[in-house]
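In what follows, a single structure is set out as structure tokens and then discussed.
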Amino acid sequence: MKDWRASILGVFFIVLMSSILTYAFLGYPGIGFVRPLGEFYLFNTYNFENQSWWSASPNAVTGLLWDYRGYDTLYETMVFYVGIAAVAMFFEGHAKLRKTGGMTVIVRSSARLIFVFIITSAFAITIFSIKTPGGGFQGGSIMAIAYIAIIVSLSRGFLPEMDLDVEKAHLAKIAGLALIAGLTIVPVVYSLASGSAAYALQNLPKAWAPFGYPTFLGFASLSGGLIIPIQLGEMIHVGMGFTIMFLLLTLKDKED
Amino acid sequence: MIEMIELIIDLLLAFCVVLTAAIVYTKDLLLAIVLSGAEGVLVATVFYLLLAPDIALVQVAAGVGISTAFFIVGLRKIGRREE
Amino acid sequence: MIDMILVFSLGMFIISITLSMYRMVVGPTIPDRMLALDVISYGLTVVMGIIAVISGSPYLIVISFSLALWFFIGALYVARYMEGEQIGD
Numbered sequence: 001m002k003d004w005r006a007s008i009l010g011v012f013f014i015v016l017m018s019s020i021l022t023y024a025f026l027g028y029p030g031i032g033f034v035r036p037l038g039e040f041y042l043f044n045t046y047n048f049e050n051q052s053w054w055s056a057s058p059n060a061v062t063g064l065l066w067d068y069r070g071y072d073t074l075y076e077t078m079v080f081y082v083g084i085a086a087v088a089m090f091f092e093g094h095a096k097l098r099k100t101g102g103m104t105v106i107v108r109s110s111a112r113l114i115f116v117f118i119i120t121s122a123f124a125i126t127i128f129s130i131k132t133p134g135g136g137f138q139g140g141s142i143m144a145i146a147y148i149a150i151i152v153s154l155s156r157g158f159l160p161e162m163d164l165d166v167e168k169a170h171l172a173k174i175a176g177l178a179l180i181a182g183l184t185i186v187p188v189v190y191s192l193a194s195g196s197a198a199y200a201l202q203n204l205p206k207a208w209a210p211f212g213y214p215t216f217l218g219f220a221s222l223s224g225g226l227i228i229p230i231q232l233g234e235m236i237h238v239g240m241g242f243t244i245m246f247l248l249l250t251l252k253d254k255e256d
Numbered sequence: 257m258i259e260m261i262e263l264i265i266d267l268l269l270a271f272c273v274v275l276t277a278a279i280v281y282t283k284d285l286l287l288a289i290v291l292s293g294a295e296g297v298l299v300a301t302v303f304y305l306l307l308a309p310d311i312a313l314v315q316v317a318a319g320v321g322i323s324t325a326f327f328i329v330g331l332r333k334i335g336r337r338e339e
Numbered sequence: 340m341i342d343m344i345l346v347f348s349l350g351m352f353i354i355s356i357t358l359s360m361y362r363m364v365v366g367p368t369i370p371d372r373m374l375a376l377d378v379i380s381y382g383l384t385v386v387m388g389i390i391a392v393i394s395g396s397p398y399l400i401v402i403s404f405s406l407a408l409w410f411f412i413g414a415l416y417v418a419r420y421m422e423g424e425q426i427g428d
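As they're listed, the protein sequences go chains A, B and C. The letter at position 194 of the first sequence is residue 194 when you use the numbering used here, and the numbering goes up by one with no holes. The letter at position 66 of the second sequence is residue 322 when you use the numbering used here, and the numbering goes up by one with no holes. The letter at position 61 of the third sequence is residue 400 when you use the numbering used here, and the numbering goes up by one with no holes.
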């Protein structure tokens, strides 16, 4: 009896909360409607007539964060780095990745096929994150899903055939972080050598800080040339990090 | 059209309530993981319909794809049935 | 005309998702529920595609790809667990 009362109370509470949230959604504007705040940012972030203060970005997230998109990426990556380091510390000593049977032929073939699709969509989501929704973290977690599919359906021992083991994954992860760090240092060093001002993670040239990564490649907008390499570095870092975590957890599972 | 999208959002949230109740009261942990994957997919669609595709991508990739894998690895340690 | 067809098919997919939801909650075994989840995921993928077509913005279609690709793998995890073998062997 008491259980029933508790469950009815719980369901009632959830229904109440979701109806309140639904009531809040009634202010949801139609597709194609632009709020005044949105108009302000559209005017200032992707306005070809007003290039002195623009951020060259049609994507709202990049447009709002402007130069700070780099800091966003950097700290996301650093938090993730610390998390992976803590997990890897518990699992010292790298076990051999042995090759075994895996699942049936149908599953293995379709997993190989779908691996290509998923890696492609991960790169697409990362590189085109300047225009379409996406970003380094999203692309990285999609890349990790591809490797996890390989581990689950083929076997752990298939990874060395793809030139990947725990050591190499760690190296790739650190290379992604080094890419971000290196791109941060370049404008500062260059500008100190040439005697002008610069910011770390500077994206677009400013009136008092002339160094900047290229904004356009031919006619295609890169929305600040720093964004794409930084997002690629974060994608590699996050994807390899999740792969290492999954590998180590299943290895530990096997020893018990 | 907007009324239809609001209707879809309401419907998906109602499904989420049903699934949450099922997750809380089931004794089979594998079933709970499957149901929470389903709920993640529904929530991702709600994010999408509210025009937040970035958040929906994170929800699909990390919240549904990766955390389900980790939960199933962990399930082997603690056993499938809850006492 | 095209708009009417799109809205009509949207409604049909919503109904089919609702029916699979019944199987999801009631279905006696785990494979039933996995199959229902598969149908729901693909239905939601199509719903996202239709809404992207109606609103005429290609930016909205990105997620439907990753959602469609994902569920194959979700079924793999559960199948692997129910085979009773170690994950990753």
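Each residue gets a CB set at the ideal place from its N, CA and C atoms; glycine is no exception.
Would you check whether the ligand SAM has a heavy atom nearer than 7 angstroms to the C-beta of B/PHE303?
-> For the structure depicted, the ligand SAM is absent and the ligand set is empty, with no information on it obtainable.
How about C/ARG362: is its C-beta nearer than 8 angstroms to some C-beta of chain B?
-> The sequence position of residue 362 of chain C within the third sequence is 23, counting from 1. Not one chain B Cβ lies under 8 angstroms of C/ARG362.
Please confirm if C/GLY388 has its CB atom under 8 angstroms from at least one CB of chain B.
-> Along the third sequence, read from residue 1 onward, the residue named residue 388 of chain C stands at position 49. In terms of beta-carbon proximity, C/GLY388 stays away from the interface with chain B, with every pair separated by 8 angstroms or more.
Of all the options C/MET340, C/MET351, C/ASP371, C/ILE344, which has the alpha carbon lying nearest to the alpha carbon of C/GLY382?
-> Position 43 of the third sequence, counted from the start, is the residue given in the question as residue 382 of chain C. Residue C/MET351 is the option with its Cα nearest to C/GLY382.
Own chain residues within Cβ distance below 8 angstroms of A/PHE157, not counting five before or after | Taking the first residue of the first sequence as position 1, residue 157 of chain A is located at position 157. Residue 157 of chain A is actually Gly in this sequence, not Phe. Within the same chain, A/GLY157 has close Cβ partners LEU97, ARG98, LYS99, THR100.
Bridge-paired residues (DSSP) for B/ASP284 = Here residue 284 of chain B is taken as the residue at index 28 of the second sequence, counted from 1. BP columns for B/ASP284 point to B/ARG337.
Distance, Cα to Cα, A/ALA56 vs A/GLN202?
-> Translated into the one-based positions of the first sequence, residue 56 of chain A becomes position 56. Translated into the one-based positions of the first sequence, residue 202 of chain A becomes position 202. Taking the straight line joining both Cα atoms gives about 14 angstroms.
Please go through the region 192 to 232 of chain A and give each complete beta strand (DSSP E) segment of 3 or more residues, from N-terminal end onward.
-> none
Where does A/VAL34 sit, in a helix, a strand or coil, going by DSSP?
-> On the first sequence, residue 34 of chain A is found 34 positions in, with the first residue counted as 1. In this structure, A/VAL34 counts as coil in the three-state DSSP scheme.
Given that a residue counts as buried once 16 or more other Cβ atoms are within 10 Å of its Cβ, and exposed if not, what is B/LYS333?
-> To locate residue 333 of chain B, count along the second sequence from 1; it is residue 77. Exposed, by the Cβ-count rule.
May I have the straight-line CA-CA distance separating C/ALA414 from A/VAL107, to the nearest angstrom?
-> For the purposes of this step, residue 414 of chain C is taken as the residue at position 75 of the third sequence. For the purposes of this step, residue 107 of chain A is taken as the residue at position 107 of the first sequence. It is roughly 11 angstroms from the alpha-carbon of C/ALA414 to the alpha-carbon of A/VAL107.
Could you tell me which of B/GLY335, B/MET260, B/ALA325, B/ARG336 sits nearest to C/TYR416, measuring between CA atoms?
-> Position 77 of the third sequence, counting from 1, holds the residue named residue 416 of chain C. Looking at the Cα atoms, B/ALA325 is the closest of the given residues.
According to the Cβ coordinates, are B/ILE328 and A/SER141 closer than 8 angstroms?
-> In the second sequence, residue 328 of chain B corresponds to position 72, counting from 1. In the first sequence, residue 141 of chain A corresponds to position 141, counting from 1. No, the pair does not count as a contact, with Cβ atoms beyond the cut-off.
Going along chain B, which residues have a C-beta under 7 angstroms from C/GLY395?
-> Counted from its first residue, the third sequence places residue 395 of chain C at position 56. Per Cβ cutoff of 7 angstroms: no residues; C/GLY395 is ~12 angstroms from chain B at best.
Determine the direct distance from the alpha carbon of A/HIS237 to that of A/ALA169, and round the result to whole angstroms.
-> As a first step, residue 169 of chain A is located in the first sequence; it is residue number 169 there, counting from the start. As a first step, residue 237 of chain A is located in the first sequence; it is residue number 237 there, counting from the start. Spanning the two alpha carbons is a distance of roughly 9 angstroms.
Would C/ARG419 be called buried (16 or more neighbouring beta carbons within 10 Å of its own) or exposed?
-> The count along the third sequence starts at 1 and reaches residue 419 of chain C at position 80. C/ARG419 comes out buried.
Please work out which residues of its chain come closer than 8 angstroms, Cβ to Cβ, to A/SER121, disregarding the five sequence neighbours upstream and downstream, and give them in chain order.
-> As a position in the first sequence, residue 121 of chain A is number 121, starting the count at 1. For A/SER121, where only same-chain residues beyond five positions count, the Cβ hits under 8 angstroms are ILE142.
Taking Cβ to Cβ, would you say C/ALA375 is nearer than 8 angstroms to C/MET387?
-> Counting from 1 along the third sequence, the entry for residue 375 of chain C is found at position 36. Counting from 1 along the third sequence, the entry for residue 387 of chain C is found at position 48. Their beta carbons are not under 8 angstroms apart, which means C/ALA375 does not touch C/MET387 by this criterion.
Of the listed residues B/GLU339, B/ARG336, B/VAL316, nearest to C/PHE410 (C-alpha basis) = Along the third sequence, read from residue 1 onward, the residue named residue 410 of chain C stands at position 71. Nearest C-alpha to C/PHE410: B/VAL316.
Leaving out five residues on either side along the sequence, give the residues of the same chain with a beta carbon under 8 angstroms from the beta carbon of B/VAL320.
-> Taking the second sequence and counting its residues from 1, one reaches residue 320 of chain B at position 64. Counting only Cβ-Cβ distances below 8 angstroms, and skipping sequence neighbours, we find GLY293, GLY296, VAL297, ALA300.
Give a yes or no on contact between the region 5 to 19 of chain A and the region 271 to 280 of chain B, applying the rule of three or more CB pairs nearer than 8 angstroms.
-> Yes, the region 5 to 19 of chain A is in contact with the region 271 to 280 of chain B.
Measure the C-alpha to C-alpha separation of A/MET17 and B/LEU269 and round it to an integer number of angstroms.
-> Residue 17 of chain A sits at position 17 when you count from the first residue of the first sequence. Residue 269 of chain B sits at position 13 when you count from the first residue of the second sequence. Distance between A/MET17 and B/LEU269, taken at the CA atoms: about 10 angstroms.
Pick from A/SER194, A/ALA88, A/LEU113 that is closest to A/PHE246, judged by C-alpha positions | Residue mapping note: residue 246 of chain A aligns to position 246 of the first sequence, counting from 1. Of the residues A/SER194, A/ALA88, A/LEU113, the one whose Cα lies closest to the Cα of A/PHE246 is A/ALA88.
Grouping DSSP H, G and I as helix and E and B as strand, with all else coil, what is C/GLU422?
-> Mapped onto the third sequence, residue 422 of chain C falls at position 83. Coil, per DSSP.
Check distances from the C-beta atoms of the region 142 to 154 of chain A to those of chain B and list, in chain order, the residues that come in under 8 angstroms.
-> ILE142, ALA144, ILE145, ILE148, VAL152
Determine, using beta-carbon pairs with one atom in the region 110 to 118 of chain A and one in the region 127 to 138 of chain A, whether at least three such pairs fall under 8 angstroms.
-> no
Would you give the residue range spanned by the alpha helix (DSSP H) that C/ILE389 belongs to?
-> If you number the third sequence from 1, residue 389 of chain C lands on position 50. Here the alpha helix (DSSP H) through C/ILE389 covers 369 to 394.
In three-state terms, what does DSSP make of A/SER18?
-> For the purposes of this step, residue 18 of chain A is taken as residue 18 along the first sequence, with counting starting at 1. Residue state, collapsed to three classes: helix.
Closer than 7 angstroms at the beta carbon, the chain C residues around B/LEU278 | On the second sequence, residue 278 of chain B is found 22 positions in, with the first residue counted as 1. Note on identity: in this sequence residue 278 of chain B is Ala, with Leu being the wrong assignment. Neighbours of B/ALA278 on chain C, chain order: VAL364.
Should A/ILE14 be flagged as near chain B, meaning a C-beta pair shorter than 8 angstroms?
-> As a first step, residue 14 of chain A must be located in the first sequence, where it is residue number 14. Yes, contact with chain B.
Three-way DSSP call (helix, strand, coil) for C/PHE410 in this model = In the third sequence, the residue the question calls residue 410 of chain C occupies position 71. In the structure shown, C/PHE410 sits in a helix (DSSP, three-state: H, G or I).
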